[in-house]
Amino acid sequence: MKSIALAIVGATGVVGRKFLEVLSERNIDIHSLVLFASSKSAGQTIHFKGINYPVLALNEENIHNHPVDYALFSAGAAVSKTFAPIFQKMRAVVIDNSSAFRMDPTVPLVVPEVNPSDAFKHNYIIANPNCSTIQAVVVLKPLHDLYVLKRVVVSTYQAVSGAGIQGLYDLEHQLKTGETTKFPYQIYNNVIPQIDVFLDNGNTKEEEKIILEMRKIMHLPQLKVSSTAVRVPVSNCHSESINVEFEKPFHLDHLKSTLKTSKGVILYDQPDQLKYPMPILVNQKDEVYVGRIRKDESVDYGINCFVVGDNLRKGAATNAIQILELFLA
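Numbering (the numbering used here), first residue to last: 7 to 335.
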């Protein structure tokens, strides 16, 4: 694996720090590391592999003064739209964790277990999908290859860390302070059936992301997808109840054995022993866990399953770094 010059944009945020954690674990050879954040965070230092790195203000001058090969972005869509094109002009490959470029037809949207070849069709910008979409397609892709997806219904139970530091603050401090800094209602001891703003069709923006991104990643533009996204009082790891209808018949044992050998998937499905995926088990894991797999008797060829993934790792940082590794192999 070759040595690279790497920038992290949004280095002081929840995902930015997770980038550094995963980079350290995966032992990627970085000969030059540049950390960018807002002017408010500039001047901080971040410790990485025995070295203290200064956090630089994200501006065009600093970008030009610190050329890199790759840039990992997690600073929000507005920042990505402004600054990713600057890196792009400098021929640094941007892997962007925001929603800014995901539905741009000229930008690949990549999950390495699902569509790795799409990454190489980039014009120096690659989009990292929504965390909920990532964990769903990692499980659905091997099943589609065998049985052909006809319809997918996804209900998400999303952790507060998906809303960043403010989301975590709301869960941890509401009882003490009574404040709600991020969510429209109290999240402690509650669930909120709204993530992001409502659209004209009644879906939230989060629900629409799941639908559109799933179709793009899997190259299934006509796939029937329905989604409901719910915020739950869990610190980390998103859970999903997924109902799938196939075009072709299947044997449940064969379907499970397929998932058991699928890349990035852990089959954790022993209900007689009360073994099924839960956030408390999947936290800090890079694999997507799937269990509660059973036939949906209401259709000819259908299943229900329960899927859990760490939204900060596989749902964000790890997936982005796996994209980076495609180029370094």
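Ideal Cβ positions, reconstructed from N, Cα and C, are used throughout, including at glycine.
Quick test of your reading: D35 and K55, contact by CB under 8 Å. State the CB separation rounded to the nearest angstrom. So it is not a contact: roughly 11 Å between Cβ atoms.
In angstroms with no decimal places, state the Cα-to-Cα distance between K269 and H257. Computed Cα separation, rounded: 20 Å.
Opening and closing residue of the alpha helix (DSSP H) in which Q94 lies: It spans 83-95 - the alpha helix (DSSP H) in which Q94 sits, taken as one unbroken run.
Could you give the uninterrupted runs of the beta strand (DSSP E) lying entirely in the segment 242-317, keeping only those of 3 residues or more? As far as the segment 242-317 is concerned, its whole beta strand (DSSP E) runs of at least 3 residues are 244-252, 271-273, 294-301, 308-315.
Sub-8 Å separation of P285 and V236 beta-carbons: For the pair P285 and V236, the CB atoms are not nearer than the 8 Å cut-off.
Does the Cβ-Cβ distance between Q172 and Y194 come in under 8 Å? In this structure, Q172 sits away from Y194, with a CB-CB distance that is not shorter than 8 Å.
Hey, I140 and G315: beta-carbon distance below 8 Å or not? Yes, these two residues count as a Cβ contact at 8 Å.
Going by DSSP in three states, F126 sits in which element: helix, strand or coil? If DSSP states are grouped into helix, strand and coil, F126 belongs with the helices.
Check whether the segment 229-249 and the segment 86-103 touch, using three or more Cβ-Cβ pairs below 8 Å as the test. The segment 229-249 is not in contact with the segment 86-103.
Roughly how many whole angstroms lie between the Cα atoms of S263 and Y153? S263 and Y153 have their C-alpha atoms spaced approximately 14 Å apart.
Residues sharing a beta bridge with Q164, DSSP: Looking at the DSSP assignment, Q164 forms a beta bridge with R237.
Can you check DSSP and say which residues form a bridge with P190? Paired residue(s): none; P190 is not in a bridge.
Over the uninterrupted beta strand (DSSP E) stretch that includes L332, give me the two end residues. That residue, L332, is in no beta strand (DSSP E); its alpha helix (DSSP H) goes 324-334.
Residues of its chain near D1, where Cβ-Cβ distance is below 6 Å and the 5 sequence neighbours each way are ignored: Absent from the model: residue 1. The displayed extent of the chain is 7 to 335, so no value can be given.
When burial is assigned at 16 or more other CB atoms within 10 Å of the CB, is Q164 buried or exposed? By the neighbour-count rule (16 or more Cβ atoms within 10 Å), Q164 is buried.
In terms of alpha-carbon separation, which member of I57, A335, A326, V240 lies closest to S104? Checking every option, the nearest Cα to that of S104 belongs to A326.
According to DSSP, is R32 helix, strand or coil? DSSP places R32 in helix when its eight states are reduced to three.
Proximity of V271 and L155 at Cβ, strictly below 8 Å: The answer is no: Cβ separation not under 8 Å.
Kindly identify the DSSP beta-bridge partner or partners of I217. Paired residue(s): none; I217 is not in a bridge.
Helix, strand or coil at P60 according to DSSP, with G and I counted as helix: In the structure shown, P60 sits in a strand (DSSP, three-state: E or B).
For a test of the three-state rule: what should DSSP assign to A169, helix, strand or coil? Residue state for A169 is assigned as helix, using DSSP reduced to three classes.
Need the endpoints of the beta strand (DSSP E) that A13 sits in, please. Note, A13: beta strand (DSSP E), 10-15.
Contact the segment 58-73 vs the segment 99-116: 3+ CB pairs below 8 Å: Flag = no, the segment 58-73 and the segment 99-116 do not touch.
Have a look at K24 and L39 and give me their C-alpha separation to the nearest angstrom. Roughly 15 Å separates the two Cα atoms.
Hey, quick one: how far does the beta strand (DSSP E) through T51 stretch, first residue to last? Counting along the chain, T51 sits inside the beta strand (DSSP E) bounded by residues 51-54.
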